[in-house]
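Following: one structure in structure tokens, then a few remarks.
Protein chains in written order, with the working numbering: chain A, -2 to 302; chain B, -2 to 302.
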């Protein structure tokens, strides 16, 4: 096999009480990539469709992660990467993570799978770092499917948490720009001990609810008392969207990544669709353009097409 | 049935990364209590053996919790309570919680179980409040067996987390006095966001490890970066004890409750016994007297004898 076509999905990181720790993987929105083994050594980005992104390998997240792997394995061949970008950069649903993980996933397949998921995640975070300015693993980790908990970054340890079958996400992406620097600067460096305890109780309960398929407990656990009060200020109509979702029966809503996308988790596709309609209404009244997606939780992660 | 004899075990709260949230129940150390239905209305403490505690119902934690239940149900009888106290007050292994929960558990049995575990925990926290100055539910919750996570206090919601069969605890109680006021005053009111994230990752992982019987992950998760650096100062030779336990293969060690007891969790009784011997050595070199207990995790909680 000298060529592989893959689907690299969008992901949601910072799941309410799981800031910097928890992520999950989407099914119905993602990039497509073709990775090709070629004689000429090196990594070359040969095609980019959908969005305007750099072709220079060292400036492209898919290129940087590919190089990180390439330098470790130093194979007797090179790779070309075609990117059919469908996840908008800067949307907060892991656009750069999809590119960064997609290239190394594809290369790994073509090379006969020399690396495991954790090693691939490590290469991919090198690409992510180009986009984010620091190595964060939560979006990348989620690309391996379902719910993932980043136990630690050094050394990288990612846990796959089971989740109920009938869990869906509705994601709205209001097309505004939030600068990464701004979304980081708005966060406090210190938090109240009492808030940290509340958040820990929620996170522990959320993990327990995922293990026990307990939607009711999930609903009680999807609360963020630490990050949301700050970052929500950067997203127009945030609480209107959230309340509309909760009113339609969403289990919980929160900021996806560092925004501006807002996710809602729902039991069943009917509720997820109702939530879609309700939150569409909120943004339809504004002049802000938006995309909206309904997706089952993708337990498989990146897949070969 | 007019009389019941029960065993009300010791418990460990604030399990490393689970400050104010997580607790577990011990098997081999606990109080015995006899609760008796009598004609004369009211609650009377009729016997206290082992330690010098107040006989006045309103000043005794077992009395206060019993009164809280009694006032709700207003039965056509009264209750007498005999307390055979074996858990030293102030040891940090839930001495007051055992008394507070024991009386209401026994009364509930004699009345035909009108209340569920959550309701009993609520009554018992009234007794705990007398000892602690505030309503904390983690020790009381743990009295219903196994590992428990206090999801919230208002309204009270306690989750029972499964745990592996072969899990043991070794507890050392150095006989020094730590004033509750001091152990509270030493805590910061603010914590670093980065520390809160580390602690959350650890707690989430610990819950996952308990669900998946993953001892190795449990070992990596039993770390406390928020409370231990402060409260450990109140316990002489704390890090010597901890290191001795970890060297013998303990999965993790931490301060039990607000101290001075120190717990270690171990896979298997052999390791738990080795840990007991190693930490005994540490305190044997000092002039501080100590008790030491090895116990299986008690999944049953309070039991009828």
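The beta-carbon is built from N, C-alpha and C at its ideal position, and this holds for glycine as well.
Item	Value
Beta bridge counterpart(s) of residue 21 (chain B) as assigned by DSSP	B:9, B:144
Euclidean distance between Cα positions of residue 225 (chain B) and residue 142 (chain B)	25 Å
Where the stretch 155 to 173 of chain B meets chain A: residues whose CB sits under 7 Å from a CB there	156, 158
Residue-level contact to chain B via CB, residue 14 (chain A), 9 Å cutoff	yes
CB contact below 9 Å: residue 183 (chain A) versus chain B	no
Meets three-Cβ-pair contact criterion under 8 Å: the stretch 23 to 36 of chain B and the stretch 77 to 85 of chain B	yes
Sheet register partners of residue 81 (chain B) (DSSP bridge)	B:29, B:46
Interface residues of chain A facing residue 186 (chain B) [CB-CB closer than 7 Å]	189, 190
Per DSSP, cross-strand counterpart(s) of residue 259 (chain B)	B:169, B:252
Environment of residue 63 (chain A) [buried if 16+ CB atoms lie within 10 Å]	buried
Proximal chain A residues relative to residue 217 (chain B), where beta-carbon distance stays under 9 Å	148, 149, 154
Integer Cβ distance of residue 45 (chain A) from residue 60 (chain A), believed to fall under 8 Å	Not confirmed; about 11 Å, so no contact.
Buried versus exposed call for residue 99 (chain B) [16 or more other C-beta atoms within 10 Å across all chains shown]	buried
Given 8 Å, three or more beta-carbon pairs between the stretch 242 to 258 of chain A and the stretch 216 to 230 of chain A	yes
Range of the contiguous beta strand (DSSP E) that encloses residue 290 (chain A)	287 to 293
Neighbour flag for residue 9 (chain A) against chain B, beta carbons, 9 Å	no
At least three beta-carbon pairs within less than 8 Å, the stretch 169 to 183 of chain A to the stretch 277 to 286 of chain A	yes
Every unbroken alpha helix (DSSP H) within the stretch 175 to 238 of chain B, with a cutoff of 4 residues, ordered by chain	177 to 182, 190 to 208, 212 to 218, 225 to 228
Span separating the alpha-carbon of residue 9 (chain B) from that of residue 211 (chain A)	26 Å
Proximity of residue 12 (chain B) and residue 168 (chain B) at Cβ, strictly below 9 Å	no
Span of the alpha helix (DSSP H), counted from its first residue to its last, around residue 125 (chain B)	114 to 129
First through last residue of the alpha helix (DSSP H) which encompasses residue 267 (chain A)	266 to 281
8 Å Cβ shell around residue 202 (chain A) - same chain, five flanking residues per side excluded	214, 217, 218
Interface residues of chain A facing residue 18 (chain B) [CB-CB closer than 8 Å]	194, 197, 198, 201
Identified DSSP bridge partners for residue 164 (chain A)	A:264
Residues that residue 78 (chain A) contacts on chain B, provided the C-beta gap is smaller than 8 Å	Result: empty, since nearest Cβ-Cβ is about 32 Å, beyond 8 Å.
Buried versus exposed call for residue 68 (chain B) [16 or more other C-beta atoms within 10 Å across all chains shown]	exposed
C-beta atoms of residue 97 (chain B) and residue 155 (chain B) nearer than 9 Å	no
Residue 165 (chain B) versus residue 90 (chain A) - alpha carbon distance	43 Å
Nearest residue (CA-CA) to residue 255 (chain A), options A:227, A:293, A:278, A:153	A:227
Sequence-distant residues of its chain with Cβ nearer than 6 Å to residue 6 (chain A) (five each side left out)	22, 23, 27, 295
Status (buried if at least 16 other CB within 10 Å, exposed otherwise) for residue 297 (chain B)	exposed
Contacts around residue 245 (chain A), its chain only, beta-carbon distance under 6 Å, and the 5 residues preceding and following it disregarded	271, 272, 275
Alpha helix (DSSP H) segment containing residue 106 (chain A), residue limits	92 to 107
Cross-strand partners of residue 149 (chain A) (DSSP beta bridge)	A:154
Span of the alpha helix (DSSP H), counted from its first residue to its last, around residue 139 (chain A)	135 to 139
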